[in-house]
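>
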Amino acid sequence: MDNSWQPARPGDSVKDVDTPALLLDLDRFERNLERLMQAVGSRVRVRPHAKSHKCVQIALRQMAAGCIGVCVQKTSEAAAMLAGGVHDVLITNEVVGARKLERLAALARQYPQARLGTCVDNLDVARQLVRLVESQGGRLDVYIELDVGQGRCGVAAPADVVPLAKAIVACGRLTFMGLHAYHGAAQHRRGVAERRAAVEHATVRAAAARAALRASSLPCEIITGGGTGTFLYEAQGGVYAEVQPGSFALMDIDYARNEPDPQLPRFEQALTILTSVTSVHSNEGHGRITLDAGLKAFSTDSGLPVPAFDGWQIRSVSDEHTVLHRIADGPPVAIGDKALLIPSHCDPTVNLHDWIVATRGGQVEAAWRVDARGAVF
Numbered sequence: 005m006d007n008s009w010q011p012a013r014p015g016d017s018v019k020d021v022d023t024p025a026l027l028l029d030l031d032r033f034e035r036n037l038e039r040l041m042q043a044v045g046s047r048v049r050v051r052p053h054a055k056s057h058k059c060v061q062i063a064l065r066q067m068a069a070g071c072i073g074v075c076v077q078k079t080s081e082a083a084a085m086l087a088g089g090v091h092d093v094l095i096t097n098e099v100v101g102a103r104k105l106e107r108l109a110a111l112a113r114q115y116p117q118a119r120l121g122t123c124v125d126n127l128d129v130a131r132q133l134v135r136l137v138e139s140q141g142g143r144l145d146v147y148i149e150l151d152v153g154q155g156r157c158g159v160a161a162p163a164d165v166v167p168l169a170k171a172i173v174a175c176g177r178l179t180f181m182g183l184h185a186y187h188g189a190a191q192h193r194r195g196v197a198e199r200r201a202a203v204e205h206a207t208v209r210a211a212a213a214r215a216a217l218r219a220s221s222l223p224c225e226i227i228t229g230g231g232t233g234t235f236l237y238e239a240q241g242g243v244y245a246e247v248q249p250g251s252f253a254l255m256d257i258d259y260a261r262n263e264p265d266p267q268l269p270r271f272e273q274a275l276t277i278l279t280s281v282t283s284v285h286s287n288e289g290h291g292r293i294t295l296d297a298g299l300k301a302f303s304t305d306s307g308l309p310v311p312a313f314d315g316w317q318i319r320s321v322s323d324e325h326t327v328l329h330r331i332a333d334g335p336p337v338a339i340g341d342k343a344l345l346i347p348s349h350c351d352p353t354v355n356l357h358d359w360i361v362a363t364r365g366g367q368v369e370a371a372w373r374v375d376a377r378g379a380v381f
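The sequence shown begins at 5 in my numbering and counts up by one.
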């Protein structure tokens with residue numbers, strides 16, 4: 005594999021970018037970040053989720069704007085962020101298994117000036133983590149994950165946080181930070197009332213868990229959670245001290261399907277997939293074009309991408325191709341033309357690419373590595 009290849013160089017015109025490629029409109033990205041920080045204000049800390057973009061350069065720009073660090077989902081994602089100079093990383097997931105726990109402890113030792121955190125929801129795993137850091141060194145922040153409605157990970161009852169917290173506090177090399185109370189399913193509930201109700205439920209459970217900790221004279225500095233669809237509800241509720249929106253920086257079709265809430269900022273679609281027209285047929289009455297991007301260039305778990313141009317509709321997708329049929333009059337299309345698609349789900353789409361091409365005003369400003377691409381361990 006030629007590791008020196010990249011789809012574009014600074015100064016290139018967008019029309020000259022090799023395809024398929026991920027494009028990030030920097031003006032839109034920067035406005036999205038500014039709107040988020042203005043909406044949150046000084047209410048809570050902001051720790052964007054890097055699983056959306058997996059890119060050190062984006063994470064550093066978010067921190068320069070006032071974010072305290074980033075979230076990741078995997079130990080290997082944390083390694084990529086720490087290696088790139090991101091000095092505060094929280095793994096918002098359980099790290100289970102000897103090899104993963106050893107790698108986590110090794111990262112803590114390798115980056116002693118950085119803050120590295122993880123989540124636990126099981127007493128046996130917490131005890132394994134305690135034994136590991138006590139024997140091998142390093143320091144870690146630890147959060148207890150509370151199930152606030154996702155039905156995925158986390159302790160089931162608010163009172164269950166107490167024995168876990170006691171095990172963590174007893175270890176001098178672990179800093180018990182508080183609770184991870186993220187309701188991922190709430191982000192994509194379409195109605196505003198549904199999203200608000202889900203966050204209210206999560207907030208009540210988080211507050212009850214905090215009360216149980218305090219009743220046992222245990223600390224709870226931070227309750228962290230909230231995503232792109234709900235972050236302001238958590239920020240305004242008086243219980244959360246930190247929010248974790250991720251997709252706001254890029255956006256996608258799935259978030260666009262949510263009913264807008266006038267109280268939340270409107271984030272712009274900053275991420276698109278640049279493709280090339282490789283085949284044109286006009287002898288079928290309605291016309292047909294084929295693009296050079298398919299399932300290996302974008303995710304379809306939240307549906308098909310949407311053309312960012314009028315007059316055409318996607319009819320089929322395969323590994324390396326997308327076929328569109330004409331549905332309305334529009335400008336003529338020729339082989340070699342460039343066409344933009346809007347991804348349906350930004351996170352897994354980004355994970356299919358080595359590069360994000362950062363553009364401004366139709367010109368390439370930079371090409372950034374997707375540093376944590378394939379970091380699933």
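The C-beta atom is built at its ideal place from N, Cα and C for all residues, glycine as well.
Going straight from the alpha carbon of GLY101 to that of CYS157, what length do you get?
C-alpha separation (whole angstroms): 16 Å.
> Could you pull out every residue in the same chain whose Cβ sits closer than 7 Å to the Cβ of SER234, ignoring the five residues on either side in sequence?
Correcting the residue identity first, residue 234 is Thr in this sequence and not Ser. Cβ within range, chain order: ALA190, GLN191, ARG199, VAL203.
> Could you tell me whether the Cβ atoms of THR326 and ALA297 are closer together than 8 Å?
Going by C-beta atoms, THR326 is nearer than 8 Å to ALA297.
> Does the distance from the C-beta atom of HIS349 to that of SER286 stay below 8 Å?
Not in contact: HIS349 and SER286 (Cβ atoms no closer than 8 Å).
> For the beta strand (DSSP E) holding TYR147, just list the boundary residues, first then last.
Residues 144-149.
> What three-state label does DSSP hand GLY229 in the structure shown?
Looking at GLY229 - three-state DSSP - the assignment turns out to be strand.
> Please confirm whether VAL243 and LEU28 have their CB atoms less than 8 Å apart.
Not closer than 8 Å, so no.
> Which of the three DSSP states is assigned to PHE252 in this structure?
Here PHE252 sits in helix by DSSP.
> Starting from the Cα of GLN273, find the closest Cα among ALA332, ALA68, ILE346, ALA63 and give me that residue.
Comparing Cα positions, the closest option is ILE346.
> For ARG319, is the classification buried or exposed, using 16 other Cβ atoms within 10 angstroms of its Cβ as the cut-off for buried?
So ARG319 ends up on the exposed side.
> Going by DSSP, which residues form a beta bridge with ALA283?
For the sequence presented, residue 283 should be read as Ser rather than Ala. For SER283, which the question treats as bridged, DSSP gives the partners THR294.
> What residues in its chain sit with their C-beta under 8 Å from that of ASP16, if we drop five residues either side in the sequence?
Cβ neighbours of ASP16 beyond the five flanking positions: GLN367, VAL368.
> Mark VAL21 as exposed unless 16 or more other C-beta atoms lie within 10 angstroms of its C-beta, in which case mark it buried.
Buried is the call here.
> Between the segment 69-76 and the segment 38-56, do three or more beta carbon pairs fall short of 8 Å?
Enough Cβ pairs lie closer than 8 Å, so yes.
> Excluding five sequence neighbours on each side, which residues of the same chain lie with their C-beta closer than 6 Å to the C-beta of SER306?
ASP258, SER348, HIS349.
> Checking 8 Å against the spacing of the C-beta atoms, do ALA211 and ALA163 come in under that value?
Taking 8 Å as the Cβ cut-off, ALA211 and ALA163 do not qualify as a contacting pair.
> Taking 7 Å as the cut-off, is the beta-carbon of GLU204 closer than that to any non-hydrogen atom of the ligand SAH?
As for the ligand SAH, it is missing from this structure, which has no ligand bound.
> Going straight from the alpha carbon of ALA82 to that of LEU178, what length do you get?
If you take the alpha carbons of ALA82 and LEU178, they lie about 18 Å apart.
> Which residue wins for smallest C-alpha separation from ALA301, given the options HIS329, ASN355, GLN140?
Ranking HIS329, ASN355, GLN140 by Cα distance to ALA301 puts ASN355 first.
> By the three-class DSSP mapping on this structure, what secondary structure does LYS104 have?
Residue state, collapsed to three classes: helix.
> Is it buried or exposed, GLU246, if we count other Cβ atoms within 10 angstroms and call 16 or more buried?
Classification for GLU246: buried.
> Drop a sphere of 10 angstroms on the beta-carbon of SER8, count the other beta-carbons inside from all chains shown, and report buried for 16 or more, exposed for fewer.
SER8 should be labelled exposed.
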